[in-house]
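Chemist:
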């Protein structure tokens, strides 16, 4: 297992919301948990991944995710079992879309 | 002046038949005499066609050929479309055959590469199916052909059943050039249900101890289709099929296209596309297409070969499939390849590697896999002259604003490569240099084995979006359009972000959100069938999957 941590300054506070889980932990898949982190001003991401040595790709995937959504005041926990960047992006976008749907707006 | 003998091949044929006469009763030869028969009719250096199709295999005759005495039969030049069985390569290891011209070697690709490296096989060329069949009639005409059929009657008429495949092309080329045709059959019958190959084109018939092997190559278990494939299928349907109004098409063999087939009656229906797209197909009977057929999407399907388990379903849907008076389907690879090349407006299929010019190849280091039919399907038909809206729109996009010779109105075939940016084990699908270059060097090929040339590829579709190469106007734009959908591969990360955004503004690159595809909808619940059992149910119980796909 490898642990990774990234943090991005955001401008779209997610406000208060119930923690939100998408995906499942299974081969080639991952679980994304998004929780509120009031007034942190950032999107903090903690990753536990079974595939070692892909730090730069994680960073690129998360940076693009952040460019798309600009979330602030959230913490994201990822439990990964060797998902491809495609699956990671899809799960993150699904989570962000659900968050948007929950009516949480700055 | 010496008189020229214009009849050497018929005389050679007579000599061979005389040698074999004692082994046959009429045309029938006992299976136990198969090896002797081959030793009698084949001479050293002969060009021999061993029927190895995409699916049906003349496996008994292949085994018999490996057992001939290499002192009597050697240096054969094998011509066959598919190398599927170990025996096909055993021939070279045992010194029976020397040279090979073929199309596809999927299952034997790694061993073939090794034998080539060791200098034990001379490869003439890797062909497309249609190209190889064409050469059977020009400069690769077989002296002896070993073919497979379902049944023979007393005279030697052959019934192939739904897997007719290559047999007519092989037998026609051999029989009408004084060659010898040997057929293995699964059964002798008084009267064949229909005559697929007339008796006077066939010299010998052997009842094989076991029915010939048929590979269910086109069965894709919907349970294995991923959400990413669903997402890509949504983008394909909305961004390409609907955009161009594609009515006539061919699909590749992979899970990506199976996902599209399973999305037609659900997602396609919700977009109001029924009757507007996907009405006519050059396609094997893909089980994954059953739900769309049952929902009334499909008017006609002509097939290269059949698919195991689909026999009764095909029989029950003669309005859709090409069937004989006996009720069973008739396939024909040569005709279907021609149909796919000339009468389809789109090919969509997957690949293993794509380079920065859009050239795509399934040849990877350590494997010589060949291409089968993909290059015929995935190439603009330069000889095509009839117009359809999809063809005209693609041509207009490619020619917009151009002058000179390119100003002449002309259509273009849509050739779509659908790939995830990473294959299994994080192997990037996008590369700087195709392995094909190195492979060409190793195997001393004249040109790198490219499956689909970049100038034929019109769209590249990944989970990152669609790159429409018809709209690019320079090599640099083409490269950035490809990088722009290459995701987090080194090729994708090396993109010029500003240029890619510009291409996106111009609609050269379209992402899911640009197409109005909501990623939240990309779930397996959108598939019209989610398991093999669902497919059986959709067929009303007519589809009978092979045992290994029966997982319930």
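Chains as they are written, first to last, in our numbering: chain A, 79 to 184; chain B, 816 to 1367.
Using N, Cα and C, we set each Cβ at its ideal position, and we do this for glycine too.
Note that the structure is predicted; figures quoted are calculated from it, not measured.
Under three-state DSSP, which class holds residue 878(B)?
Modeler: Taking the second chain and counting its residues from 1, the one referred to as residue 878(B) is at position 63. If DSSP states are grouped into helix, strand and coil, residue 878(B) belongs with the helices.
Chemist: Could one say the Cβ of residue 181(A) lies closer than 9 angstroms to chain B's Cβ atoms, at least one of them?
Modeler: Locating residue 181(A) in the first chain gives position 103, counting from the first residue. Low confidence applies here, because residue 181(A) scores a pLDDT of 47, under 50, leaving its location unreliable and the question unanswered by this model.
Chemist: Check the Cβ-Cβ distances between residue 1186(B) and every residue of chain E, and say whether any is below 9 angstroms.
Modeler: As a matter of chain content, chain E is missing from the structure shown, whose protein chains are A and B.
Chemist: Any idea what DSSP makes of residue 892(B), helix, strand or coil?
Modeler: Here residue 892(B) refers to the residue found at position 77 when the second chain is read from its first residue. In the structure shown, residue 892(B) sits in a strand (DSSP, three-state: E or B).
Chemist: Among 1198(B), 930(B), 982(B), whose alpha-carbon lies nearest the alpha-carbon of residue 1119(B)?
Modeler: Counted from its first residue, the second chain places residue 1119(B) at position 304. Selected option, being the one with the closest Cα: 982(B).
Chemist: Per DSSP, what kind of secondary structure is residue 1056(B) in: helix, strand or coil?
Modeler: Residue 1056(B) sits at position 241 when you count from the first residue of the second chain. Of the three classes helix, strand and coil, the one that applies to residue 1056(B) here is helix, per DSSP.
Chemist: Identify every run of the beta strand (DSSP E) within the region 128-168 of chain A, keeping only runs that are complete inside it and at least 3 residues long; order them along the chain.
Modeler: Listed in chain order, the complete beta strand (DSSP E) runs (minimum 3 residues) inside the region 128-168 of chain A are 152-158.
Chemist: For residue 1164(B), write down the residues that DSSP places opposite it in a beta bridge.
Modeler: By 1-based counting over the second chain, the position of residue 1164(B) is 349. Per DSSP, 1232(B).
Chemist: In three-state DSSP terms, what is residue 1201(B)?
Modeler: Position 386 of the second chain, counting from 1, holds the residue named residue 1201(B). Correct three-state label for residue 1201(B): coil.
Chemist: Measure the CB-CB distance between residue 831(B) and residue 846(B) and report whether it falls below 9 angstroms.
Modeler: Reading the second chain from its first residue, position 16 is the one you call residue 831(B). Reading the second chain from its first residue, position 31 is the one you call residue 846(B). Not closer than 9 angstroms, so no.
Chemist: Of all the beta strand (DSSP E) runs that stay within the bounds of the region 1222-1291 of chain B, which reach a length of 3 or more residues?
Modeler: If we require 3 residues or more, the beta strand (DSSP E) runs fully inside the region 1222-1291 of chain B come out as 1229-1233, 1274-1277, 1280-1283.
Chemist: Beta-carbon of residue 1041(B) versus every beta-carbon of chain A: anything under 9 angstroms?
Modeler: Locating residue 1041(B) in the second chain gives position 226, where the first residue counts as 1. It does; some Cβ of chain A falls within 9 angstroms.
Chemist: Given that a residue counts as buried once 16 or more other Cβ atoms are within 10 Å of its Cβ, and exposed if not, what is residue 1266(B)?
Modeler: Sequence index remark: in the second chain, residue 1266(B) carries index 451 (1-based). By the 10 Å Cβ count, residue 1266(B) comes out buried.
Chemist: Can you find a C-beta in chain B that's less than 9 angstroms from the C-beta of residue 171(A)?
Modeler: Sequence index remark: in the first chain, residue 171(A) carries index 93 (1-based). At least one chain B Cβ lies under 9 angstroms of residue 171(A).
Chemist: In angstroms with no decimal places, state the Cα-to-Cα distance between residue 1148(B) and residue 979(B).
Modeler: Against the second chain, residue 1148(B) aligns to sequence position 333. Against the second chain, residue 979(B) aligns to sequence position 164. Their backbone Cα atoms lie some 8 angstroms apart in a straight line.
Chemist: Which first and last residues belong to the alpha helix (DSSP H) in which residue 965(B) is found?
Modeler: Here residue 965(B) is taken as the residue at index 150 of the second chain, counted from 1. Run containing residue 965(B): none in the alpha helix (DSSP H); it sits in the beta strand (DSSP E), 959-967.
Chemist: The ligand GDP and residue 1256(B): does the residue's C-beta get closer than 8 angstroms to at least one heavy atom of that ligand?
Modeler: Summarising the ligand content, the structure contains no ligands, and the ligand GDP is consequently not present.
Chemist: Pull the bridge partners of residue 91(A) from the DSSP assignment, please.
Modeler: Residue mapping note: residue 91(A) aligns to position 13 of the first chain, counting from 1. Answer is 150(A).
Chemist: Answer yes or no: does any C-beta atom of chain B fall closer than 9 angstroms to that of residue 167(A)?
Modeler: For the purposes of this step, residue 167(A) is identified with residue 89 of the first chain, where counting begins at 1. By this cut-off, residue 167(A) is an interface position.
Chemist: Alpha carbon to alpha carbon, what distance is there between residue 90(A) and residue 183(A)?
Modeler: Indexing the first chain from 1 puts residue 183(A) at position 105. Indexing the first chain from 1 puts residue 90(A) at position 12. Because the pLDDT at residue 183(A) is just 41, under 50, the model does not fix this residue reliably, and the value given afterwards should be weighed accordingly. Roughly 8 angstroms separates the two Cα atoms.
Chemist: Give the C-beta separation of residue 1369(B) and residue 1233(B) to the nearest angstrom, bearing in mind that I take them to be a contact with Cβ-Cβ under 8 angstroms.
Modeler: Any answer about residue 1369(B) is impossible in this case: the structure gives chain B only from 816 up to 1367.
Chemist: Given residue 1279(B), which residues of its chain have a CB within under 6 angstroms of its CB, disregarding the five upstream and five downstream residues?
Modeler: The residue labelled residue 1279(B) in the question sits at position 464 within the second chain. So the list reads 1300, 1302, once near-sequence residues are dropped.
Chemist: Go through its chain and collect everything with a Cβ distance to residue 1173(B)'s Cβ below 7 angstroms, but skip five positions before and after it.
Modeler: Here residue 1173(B) refers to the residue found at position 358 when the second chain is read from its first residue. Within the same chain, residue 1173(B) has close Cβ partners 1269, 1272, 1275, 1284, 1293, 1297.
Chemist: Going along the chain, which residues of the region 1298-1316 of chain B sit with their C-beta nearer than 7 angstroms to a C-beta in chain A?
Modeler: If the cut-off is 7 angstroms between Cβ atoms, the region 1298-1316 of chain B has 1302, 1303, 1308 near chain A.
Chemist: Look at residue 1132(B) and residue 1108(B) and say whether their C-beta atoms are less than 9 angstroms apart.
Modeler: Your numbering for residue 1132(B) matches position 317 in the second chain. Your numbering for residue 1108(B) matches position 293 in the second chain. Yes, the Cβ-Cβ distance between residue 1132(B) and residue 1108(B) is below 9 angstroms.
Chemist: Whole angstroms is fine: what's the gap from residue 1114(B)'s alpha carbon to residue 1134(B)'s?
Modeler: On the second chain, residue 1114(B) is found 299 positions in, with the first residue counted as 1. On the second chain, residue 1134(B) is found 319 positions in, with the first residue counted as 1. Distance between the alpha carbons of residue 1114(B) and residue 1134(B): 8 angstroms.
Chemist: Taking only the alpha-carbon atoms, compute the straight-line gap between residue 799(B) and residue 963(B) and give it to the nearest angstrom.
Modeler: What the structure shows of chain B is the stretch from 816 to 1367, and residue 799(B) is not part of that stretch, so it cannot be assessed.
Chemist: Looking at the unbroken beta strand (DSSP E) that takes in residue 101(A), where does it start and where does it end?
Modeler: On the first chain, residue 101(A) is found 23 positions in, with the first residue counted as 1. 98-101 is the span of the beta strand (DSSP E), which, as asked, contains residue 101(A).
Chemist: Kindly confirm or deny that the region 1252-1259 of chain B and the region 1216-1228 of chain B touch, where touching means at least three C-beta pairs closer than 8 angstroms.
Modeler: No, the region 1252-1259 of chain B is not in contact with the region 1216-1228 of chain B.
Chemist: When the Cα atoms are used, what is the spatial distance from residue 1034(B) to residue 1289(B)?
Modeler: Reading the second chain from its first residue, position 219 is the one you call residue 1034(B). Reading the second chain from its first residue, position 474 is the one you call residue 1289(B). When rounded, the distance between both Cα atoms is 40 angstroms.
Chemist: Taking all protein chains shown into account, do 16 or more other C-beta atoms lie within 10 angstroms of the C-beta of residue 1206(B), making it buried, or fewer, making it exposed?
Modeler: Start at 1 with the first residue of the second chain, and residue 1206(B) comes out as number 391. Buried: at least 16 other Cβ atoms inside 10 Å.
Chemist: Could you check if residue 1366(B) is buried or exposed, using at least 16 other CB atoms within 10 Å of its CB as the buried criterion?
Modeler: In the second chain, counting from the first residue as 1, residue 1366(B) sits at position 551. Exposed is the call here.
Chemist: DSSP three-state label for residue 1008(B), please.
Modeler: Here residue 1008(B) is taken as the residue at index 193 of the second chain, counted from 1. Here residue 1008(B) sits in coil by DSSP.
Chemist: Compute the beta-carbon to beta-carbon distance between residue 1209(B) and residue 1059(B), rounded to the nearest angstrom, for a pair I have assumed lies under 8 angstroms.
Modeler: Residue mapping note: residue 1209(B) aligns to position 394 of the second chain, counting from 1. Residue mapping note: residue 1059(B) aligns to position 244 of the second chain, counting from 1. Yes, they are in contact, since the Cβ atoms of residue 1209(B) and residue 1059(B) sit about 6 angstroms apart, within 8 angstroms.
Chemist: Name, please, each residue of chain B whose Cβ falls closer than 8 angstroms to the Cβ of residue 175(A).
Modeler: Translated into positions along the first chain, residue 175(A) becomes position 97. The contacting residues are 1333, 1334, 1335.
Chemist: I need the DSSP call for residue 181(A), collapsed to helix, strand or coil.
Modeler: Indexing the first chain from 1 puts residue 181(A) at position 103. Only weak support exists for where residue 181(A) lies, its pLDDT of 47 falling under 50; the value from the coordinates is given anyway. Coil.
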